[in-house]
Amino acid sequence: MTSPTQLSVVSERTSVPAISTLMHMALATPGLISLAAGFVDQQSLPVALAAEEIAAILADEREGRRALQYGTTIGDHQLRERLMAFLEQDERVPSGTYQHCVSRTVVTTGSQQLLYLISEALLDPGDIVLVESPTYFVYLGVLETRGVRVVGVDIDEGGLRLDALESTLAGLDAKGLLNRVKLIYTISEHSNPSGISLAADRRQPLVDLAKKWSKHQTIFILEDSAYRGLTFDGVEPPSVWSYDPDGETVILARTFSKTFSPGFKTGYGVLPATLLEPVLRLKGNHDFGSGNFAQIVLERAIGGGGYQRHVATLVERYRRKRDVMIASLVEWFGDGDGAVQWTYPQGGLYVWLSLPNEVDTGPDGPFFARCLERGVLYVPGTYAYADATGSAPRNHARLCFGVPSEADLAEGARRLSLALTDCLNP
Ligand code: PMP
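Okay, so the sequence shown: first residue is 5 according to my numbering, each after it adds one.
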């Protein structure tokens with residue numbers, strides 16, 4: 005007789021990531037056009053640039069040994085210096101401005117690991133995290149694991165609504181719960197899933213607001229800027245982080261998964277001083293350092309300018325795809341002011357589709373089933389709300405234009421519109 009497995013509370017609280025069910029569907033259904041996977045364009049991966057840098061590293065005996073050895077928990081020093089120099093250019097501040105932040109810069113195994121580590125370092129069951137509504141559903145999974153209460157705050161075309169944030173904080177204060185609020189999570193550029201960015205003129209006020217309400221303990225802002233750099237129109241505003249120069253409130257999370265290679269699985273965080281040691285202790289237990297090889301390749305690619313040239317080609321490629329996606333939605337659903345609406349992303353990989361209120365886009369609803377019959381897959385919007393069982397809207401879908409070819413984007417939009425017609429005229 006075998007005895008039962010007694011899993012930990014954390015393990016029991018961790019549900020199957022919703023997205024993995026979708027991925028299995030995509031693989032199992034021939035001819036399906038997946039607008040679901042939030043992956044990068046396969047054709048755009050920088051194979052030649054990576055080959056060049058890797059060959060150069062391995063051709064140099066000393067550098068080769070360094071790359072193949074364990075590194076440090078905090079990450080490669082040269083890369084961290086390079087990252088702060090890159091950030092100075094990105095923020096258009098004088099060279100050297102952020103060099104004092106090198107000691108607070110931690111390289112992680114994708115930015116997902118940073119999101120996890122921050123949550124592990126800060127959050128106990130019963131703590132409160134404020135997120136955009138809708139938000140990145142994989143992070144909702146992390147928060148669920150930690151047993152925290154997640155409160156959604158409305159967004160509009162300028163991202164997180166600061167009036168809604170303030171009234172949420174005031175409401176929690178009135179209930180005596182402000183002392184449980186630890187974190188505000190925002191995706192500052194071209195959000196996954198909404199495609200919306202936080203407006204330039206909300207960035208400083210957001211920092212001020214978090215500081216103002218940090219009456220009992222610091223309410224940190226976790227600025228996830230996974231899509232920074234992939235901007236097609238206009239100039240990127242300064243980060244939220246740049247308004248917190250002393251590093252007390254804002255945690256900046258970035259990644260090279262979207263702009264270079266998810267296979268490198270390399271991200272980084274610039275942390276407030278008080279979080280540095282706690283995060284490093286936890287990371288020490290997780291992996292005592294991210295893979296050195298990828299870090300050294302990236303350091304060379306950024307230093308030599310190849311990375312920046314690569315990002316410029318990505319922007320062109322994804323802008324075209326965005327244009328095809330939007331033009332196809334216009335072709336099949338009208339001008340976007342009617343019953344079916346969508347966001348117009350100025351970068352990133354996602355369009356957020358809003359269907360008539362009566363259309364339930366959930367995975368068990370009729371629209372999802374009609375879409376599978378028609379051969380198109382999307383991410384149900386319900387995944388992206390903190391309160392998926394309660395009052396959250398059920399008529400949205402996340403469409404990703406990163407992976408499909410331009411022809412498949414057009415055909416995918418056609419199939420979505422056929423599925424909607426099937427659904428509205430059963
Ligand atoms: N944040 C957001 C908003 C994302 O969309 C992703 C990737 N889907 C990540 C973080 C994590 O990516 P990675 O761990 O590969 O850096």
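Just so you know, even glycine gets a beta-carbon here, dropped at the ideal spot from N, CA and C.
Quantities reported herein were computed from a predicted structural model and do not represent experimental measurements.
Item	Value
What residue does the beta strand (DSSP E) around Glu252 start on, and which one ends it?	Neither: Glu252 is in no beta strand (DSSP E) and is coded neither H nor E.
Are Glu136 and Tyr102 close, meaning C-beta to C-beta below 9 angstroms?	no
Whole angstroms are fine: how far does the CA of Leu173 sit from the CA of Thr441?	In the structure displayed, the chain extends from 5 to 430; residue 441 sits before or after that span and is not available.
Does the Cβ of Lys287 lie closer than 8 angstroms to at least one heavy atom of the ligand PMP?	no
Looking at the structure shown, is Glu227 part of a helix, part of a strand, or coil, going by DSSP?	strand
Below 7 angstroms CB to CB, which residues in the same chain sit around Ala392 once its five sequence neighbours on both sides are set aside?	Because Ala392 sits at a pLDDT of 49, beneath the cut-off of 50, its placement in the model cannot be relied upon, and the following sentence gives the value as read from the coordinates. Hits under 7 angstroms: Thr386.
What residue does the alpha helix (DSSP H) around Cys427 start on, and which one ends it?	410-428
So does Pro266 have its beta carbon nearer than 8 angstroms to some heavy atom of the ligand PMP?	yes
What does DSSP give as the partner residues of Ser137 in its beta bridges?	Asp158
Less than 9 angstroms between the C-beta atoms of Asp94 and Gly233, yes or no?	yes
On a CA-only basis, which of Gln82, Thr139, Gly338 is nearest Ile200? Give me that one, please.	Thr139
Please work out which residues of its chain come closer than 8 angstroms, Cβ to Cβ, to Ser12, disregarding the five sequence neighbours upstream and downstream, and give them in chain order.	none
From what residue to what residue does the alpha helix (DSSP H) around Thr278 run?	277-290
Skipping 5 residues on each side, what residues in its chain have a beta carbon closer than 8 angstroms to that of Leu376?	Met29, Thr33, Leu36
Assign Leu164 to one of three DSSP states: helix, strand, or coil.	strand
When every heavy atom of the ligand PMP is checked, does at least one fall within less than 8 angstroms of the C-beta of Tyr389?	no
Nearest CA to the CA of Leu187: which residue from Leu134, Lys216, Thr149, Leu119?	Leu134
Is there contact between the region 326-346 and the region 408-418, where contact requires at least three CB pairs shorter than 8 angstroms?	yes
Please confirm whether any heavy atom of the ligand PMP lies closer than 8 angstroms to the CB of Ile58.	no
Exposed or buried, what is Leu381 when buried is set at 16 or more other beta-carbons lying within 10 Å of its beta-carbon?	buried
Where does Ala55 land, buried or exposed, given buried means 16+ other C-beta within 10 angstroms?	exposed
Among Asp364, Leu428, Arg324, which one has its Cα closest to the Cα of Leu413?	Arg324
DSSP beta-bridge partners for Leu381?	Ser38
Bridge partners for Trp346 per DSSP, in chain order?	Leu357
For Tyr143, is the beta carbon positioned less than 8 angstroms from some heavy atom of the ligand PMP?	yes
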